[in-house]
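Numbering (our numbering), first residue to last: 338 to 411.
Using N, Cα and C, we set each Cβ at its ideal position, and we do this for glycine too.
Computed from a predicted model, the values in this text were never measured in an experiment.
This is the structure in structure tokens:
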């Protein structure tokens with residue numbers, strides 16, 4: 338009888354470990370999802386910032402061209 342109780346206790350312990358592992362997996366999957374979303378958001382932000390910087394660089398080039406043109410017409 339005692340052996341049966343020990344076996345049942347082992348089964349219970351294994352079930353608890355299994356549940357704990359499943360909860361941990363769910364938590365890790367949630368964290369992974371959150372990290373992916375933050376990474377995606379950061380990537381979109383970087384792309385927008387790069388586009389703005391390139392646009393500003395284009396404006397500066399245009400202004401420099403205008404300045405050189407005006408100076409050469411003096």
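Which same chain residues end up closer than 6 Å to residue i when comparing Cβ atoms and leaving out the 5 residues on each side of it in sequence?
i           : result
residue 388 : none
Could you confirm whether any beta carbon from chain C is found closer than 7 Å to the beta carbon of residue i?
i           : result
residue 389 : Going by chain labels, chain C is absent from the structure shown, which holds only one protein chain.
TODO: Taking only runs that begin and end inside the segment 365-408, name each unbroken alpha helix (DSSP H) of 4 or more residues, in chain order.
DONE: As far as the segment 365-408 is concerned, it has no whole alpha helix (DSSP H) run of at least 4 residues.
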